[in-house]
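A.B. asks: Structure below; questions to follow.
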Amino acid sequence: MIIHRMTATFGPLHDATLELEDGLNLIYAPNEGGKSTWCVFLRTMLYGFPQRARDKKDAPADKNRYRPWSGSAMEGLLDCTHQGKRLLIRRFGDQGVPMAGFSAVYADTGDTVPGLTGENVGEVLTGVGREVFERTVFLRQTHLSVEASSELEQRIAALLSSGDEQVSWSQAERRLRQWQRDRRYHKSGQLTVLEEEAAHLARQLSQVKDLHRDYLALEEDAATLEAELRSMEPFPGTMDPESEAEAQLRCSQAAAELDAAVRQLESMEVEEADLEAEALEELQEDVALRDRDIRRRGRAMLFFTFFGIALALFLLGVTFLPALYPNMKVPTIQLSSMAAAMGLLGIIILLGTLIRVRLDRRDLDEIDRLNEELFIRQSTLQRRDVEWETAIAREKSARALFDVLSRTKDAIPYRSPAAVEKERALQDSLQRLALLTGRLQTLGDPAALEAQLEENHRLQKKLQAEYDAITLALSVLSEAERSLRARFSPDLNQRTAVYFSALTGGAYERVTFDRAFSAQTEAAGSSFPRSAAHLSQGAADQLYLALRLALCDLVLPSKNRCPIVLDDALTNFDDTRLAFALDLLTRVAQERQVLLFTCHRREQAYFEQDTEILRQNLAKKS
Numbered sequence: 002m003i004i005h006r007m008t009a010t011f012g013p014l015h016d017a018t019l020e021l022e023d024g025l026n027l028i029y030a031p032n033e034g035g036k037s038t039w040c041v042f043l044r045t046m047l048y049g050f051p052q053r054a055r056d057k058k059d060a061p062a063d064k065n066r067y068r069p070w071s072g073s074a075m076e077g078l079l080d081c082t083h084q085g086k087r088l089l090i091r092r093f094g095d096q097g098v099p100m101a102g103f104s105a106v107y108a109d110t111g112d113t114v115p116g117l118t119g120e121n122v123g124e125v126l127t128g129v130g131r132e133v134f135e136r137t138v139f140l141r142q143t144h145l146s147v148e149a150s151s152e153l154e155q156r157i158a159a160l161l162s163s164g165d166e167q168v169s170w171s172q173a174e175r176r177l178r179q180w181q182r183d184r185r186y187h188k189s190g191q192l193t194v195l196e197e198e199a200a201h202l203a204r205q206l207s208q209v210k211d212l213h214r215d216y217l218a219l220e221e222d223a224a225t226l227e228a229e230l231r232s233m234e235p236f237p238g239t240m241d242p243e244s245e246a247e248a249q250l251r252c253s254q255a256a257a258e259l260d261a262a263v264r265q266l267e268s269m270e271v272e273e274a275d276l277e278a279e280a281l282e283e284l285q286e287d288v289a290l291r292d293r294d295i296r297r298r299g300r301a302m303l304f305f306t307f308f309g310i311a312l313a314l315f316l317l318g319v320t321f322l323p324a325l326y327p328n329m330k331v332p333t334i335q336l337s338s339m340a341a342a343m344g345l346l347g348i349i350i351l352l353g354t355l356i357r358v359r360l361d362r363r364d365l366d367e368i369d370r371l372n373e374e375l376f377i378r379q380s381t382l383q384r385r386d387v388e389w390e391t392a393i394a395r396e397k398s399a400r401a402l403f404d405v406l407s408r409t410k411d412a413i414p415y416r417s418p419a420a421v422e423k424e425r426a427l428q429d430s431l432q433r434l435a436l437l438t439g440r441l442q443t444l445g446d447p448a449a450l451e452a453q454l455e456e457n458h459r460l461q462k463k464l465q466a467e468y469d470a471i472t473l474a475l476s477v478l479s480e481a482e483r484s485l486r487a488r489f490s491p492d493l494n495q496r497t498a499v500y501f502s503a504l505t506g507g508a509y510e511r512v513t514f515d516r517a518f519s520a521q522t523e524a525a526g527s528s529f530p531r532s533a534a535h536l537s538q539g540a541a542d543q544l545y546l547a548l549r550l551a552l553c554d555l556v557l558p559s560k561n562r563c564p565i566v567l568d569d570a571l572t573n574f575d576d577t578r579l580a581f582a583l584d585l586l587t588r589v590a591q592e593r594q595v596l597l598f599t600c601h602r603r604e605q606a607y608f609e610q611d612t613e614i615l616r617q618n619l620a621k622k623s
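Mapping of the sequence shown onto the working numbering: position 293 corresponds to residue 294, and the numbering continues sequentially without gaps.
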């Protein structure tokens with residue numbers, strides 16, 4: 002790709018034109034002369050405005066920041082050559098959205114370029130997406146350093162393997178780890194929940210089986226007693242006074258038992274249970290409210306602490322900036338004043354922390370008390386349910402006995418004392434059976450519980466297999482990434498070291514980068530690497546310029562020859578290393594177009610005798 006001409010109504014530019022040539026283009030402009038505006042305009046023509054960009058405090062989105070000062074509509078033209086064909090790319094406003102309109106035609110015929118849209122034009126012309134473009138060939142003074150990105154990672158991986166370029170290692174690793182945490186993470190995750198549920202189901206099923214065994218045993222005892230009782234047939238007839246008195250007593254006792262059972266049922270009012278349930282809900286709401294108060298105070302304290310730290314750092318900066326930069330007009334603060342202010346700030350933060358801890362302790366104690374009361378009330382409700390079932394069974398049993406005795410009140414049958422004893426034992430067994438029936442109904446059907454437990458174990462087995470597969474995949478992915486980096490890193494480090502040595506006049510021989518592109522450098526004649534953080538600002542800029550050029554060699558396809566754009570990227574270079582950089586860029590310009598924007602005249606002076614370098618002065622095009 003070679004850019005021949007750009008025409009822009011964009012920010013301070015009004016129908017302005019910038020003519021360019023292949024090779025190295027040196028473009029001078031003073032501060033606020035439009036250098037950065039042209040750079041952003043070129044990026045916008047290629048990739049448009051980010052759709053999700055929103056204004057931030059003191060940092061408006063580009064679509065608002067670069068609204069034409071003239072009040073005209075924002076628009077632009079990019080005249081370029083791509084794969085041997087001259088193209089005219091236009092962007093303009095569409096339905097009130099800046100630069101959303103797009104057209105692309107062949108310069109010689111005016112025919113529409115097929116397949117080229119406002120969304121893909123940048124990637125088609127340069128061969129890379131927006132992220133890689135900004136991290137390789139788009140160099141700005143304040144954005145020289147290179148950070149890791151998924152798209153850059155994909156491009157690097159594509160160079161070294163035939164894998165899918167759509168998913169990067171870091172994206173895949175984050176996704177796998179998220180899946181792994183979804184299944185098991187400390188005390189949370191689907192597997193942990195299923196294991197707790199399985200333990201609860203197992204305990205419930207064990208209780209049901211024990212109760213079922215007791216029920217069958219009681220049912221068998223009741224059947225035996227009933228059979229024995231039927232064999233002791235009562236017989237009517239004239240009874241002696243003693244037997245008649247005994248029979249009347251049995252009838253009176255049955256009536257008394259029925260009356261007692263009815264009174265017990267009447268005493269168990271439903272309204273009282275409803276009140277208990279309402280009180281239970283109020284307690285649960287109170288617990289939730291106090292828990293929210295604790296979390297809200299935690300967030301507020303965290304914000305206040307961060308604010309205090311930021312204020313402390315600001316005070317330190319205001320205090321020590323005059324010492325570092327004597328020419329800066331910054332109001333000074335005495336160390337004693339700063340110490341007093343920071344001490345007061347520390348006391349305020351400490352007091353806030355103590356108050357928060359005291360309030361949290363109070364709420365936590367209250368939550369413990371409320372949870373204990375919740376447990377007691379829940380136990381009470383469960384006990385009421387059991388008592389209710391027992392009372393119903395007692396009433397049914399007493400009514401059945403009373404009905405039998407009432408039907409035979411005119412011819413009261415005679416039963417022997419043994420029969421009466423067995424009848425009492427039978428009634429006791431029937432009452433216990435009714436109680437067990439209520440408890441079994443509460444716990445659930447054993448067959449249904451076994452089915453739930455079996456389904457739980459099946460899901461556990463499935464999730465555990467997935468968890469093991471994800472763990473294995475993470476292991477294999479990490480090994481593959483290490484292998485990939487072992488193949489990629491030497492080439493990147495070697496290319497960067499060659500460029501860095503050229504930019505520093507041979508002062509450095511070795512450079513190594515980690516996954517995040519943090520650098521270690523090794524000076525010539527030294528065996529001890531140093532972090533890039535220890536380099537001067539100028540040397541650090543030279544290092545990251547070398548890295549950018551190395552990434553261009555590795556990542557950008559040579560067939561597209563994507564131009565390199567430098568916006569005051571050499572400002573921190575001294576005169577000697579500036580000469581090294583300009584010589585290097587001249588060699589690079591033999592392979593791809595270079596647009597060097599600068600606010601200094603020393604670059605123009607360096608190329609004063611070189612007629613092959615296109616030099617422009619934007620100050621004359623106001």
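Just so you know, even glycine gets a beta-carbon here, dropped at the ideal spot from N, CA and C. Predicted model, so just to flag it, every value in this text is computed and none were measured.
For residue 1, which residues of its own chain have a beta-carbon under 7 Å away from its beta-carbon, when the five flanking residues on both sides are left out?
C.D. replies: Here the chain has residues from 2 to 623 only, and residue 1 is not among them.
A.B. asks: Where does residue 107 land, buried or exposed, given buried means 16+ other C-beta within 10 angstroms?
C.D. replies: exposed
A.B. asks: Should the region 351-368 be regarded as contacting the region 220-230, the criterion being three or more beta carbon pairs within less than 8 Å?
C.D. replies: no
A.B. asks: Closest to residue 505 by CA distance: which of 130, 574, 565, 605 is it?
C.D. replies: 574
A.B. asks: Would a C-beta distance cut-off of 8 Å place residue 520 and residue 533 closer than the cut-off?
C.D. replies: yes
A.B. asks: Using a threshold of 8 Å, state whether the C-beta atoms of residue 123 and residue 134 are closer than that.
C.D. replies: yes
A.B. asks: To the nearest angstrom, how far is the alpha carbon of residue 11 from that of residue 599?
C.D. replies: 20 Å
A.B. asks: Taking the alpha-carbon positions, what's the residue 202 to residue 450 distance?
C.D. replies: 7 Å
A.B. asks: So, at 7 Å on beta carbons, what are the nonlocal neighbours of residue 291 in its own chain, with the 5 sequence-adjacent residues on each side left out?
C.D. replies: 364, 367, 368
A.B. asks: Just curious, the alpha helix (DSSP H) that residue 26 is in, first and last residue?
C.D. replies: No alpha helix (DSSP H) contains residue 26, which is instead part of the beta strand (DSSP E) from 25-29.
A.B. asks: Measuring straight from C-alpha to C-alpha, what distance separates residue 161 and residue 452?
C.D. replies: Note that residue 161 has pLDDT 40, beneath the 50 cutoff, so the model's placement of it is unreliable and the number below is only indicative. Roughly 52 Å separates the two Cα atoms.
A.B. asks: What does a CB cutoff of less than 6 Å around residue 18 pick up in its chain, not counting 5 residues either side in sequence?
C.D. replies: Only 8 meet the Cβ criterion.
A.B. asks: For residue 140, which residues does DSSP report across the bridge?
C.D. replies: 567
A.B. asks: Taking residue 116 as the reference, give the member of 126, 110, 109 with the closest Cα.
C.D. replies: 126
A.B. asks: Report back the beta-carbon spacing between residue 38 and residue 67 to the nearest angstrom; my notes put them in contact at under 8 Å.
C.D. replies: Contact holds; Cβ gap of about 7 Å.
A.B. asks: State the Cα-Cα distance for the pair residue 24 and residue 5, rounded to the nearest angstrom.
C.D. replies: 11 Å
A.B. asks: Give the C-beta separation of residue 222 and residue 430 to the nearest angstrom, bearing in mind that I take them to be a contact with Cβ-Cβ under 8 Å.
C.D. replies: 5 Å
A.B. asks: Evaluate contact between the region 381-391 and the region 437-445, counting only Cβ atoms and requiring at least three cross-stretch pairs below 8 Å.
C.D. replies: yes
A.B. asks: Tell me which same chain residues have a C-beta within less than 6 Å of the C-beta of residue 262, skipping the five on either side of it?
C.D. replies: For residue 262, where only same-chain residues beyond five positions count, the Cβ hits under 6 Å are 395, 396, 399.
A.B. asks: Helix, strand or coil: which one does DSSP assign to residue 1?
C.D. replies: Outside the displayed span of the chain (2 to 623) sits residue 1, for which this structure offers no information.
A.B. asks: Rounded to a whole number of angstroms, what is the C-alpha to C-alpha distance between residue 85 and residue 111?
C.D. replies: When rounded, the distance between both Cα atoms is 16 Å.
A.B. asks: When DSSP labels each residue in this structure, what does residue 532 get in the three-state scheme?
C.D. replies: strand
A.B. asks: Would you check if the distance between the CB atom of residue 500 and the CB atom of residue 586 is smaller than 8 Å?
C.D. replies: no
A.B. asks: Compare the C-beta of residue 562 against all C-beta atoms of chain D and say whether one is closer than 8 Å.
C.D. replies: Note that chain D does not occur in the displayed structure, where there is just one protein chain.
A.B. asks: Would you report the Cα separation of residue 613 and residue 95, rounded to the nearest angstrom?
C.D. replies: 41 Å
A.B. asks: Could you tell me the distance, in whole angstroms, from the CA atom of residue 470 to the CA atom of residue 195?
C.D. replies: Each residue's Cα considered, the two are about 19 Å apart.
A.B. asks: DSSP three-state label for residue 58, please.
C.D. replies: coil
A.B. asks: Under the rule that 16 or more other beta-carbon atoms within 10 Å means buried, what is residue 344, buried or exposed?
C.D. replies: exposed
A.B. asks: With hydrogens ignored, establish whether the beta-carbon of residue 539 is closer than 7 Å to any heavy atom of the ligand HEM.
C.D. replies: Absence of the ligand HEM from the depicted structure is noted, as is the absence of any ligand whatsoever, leaving it without description.
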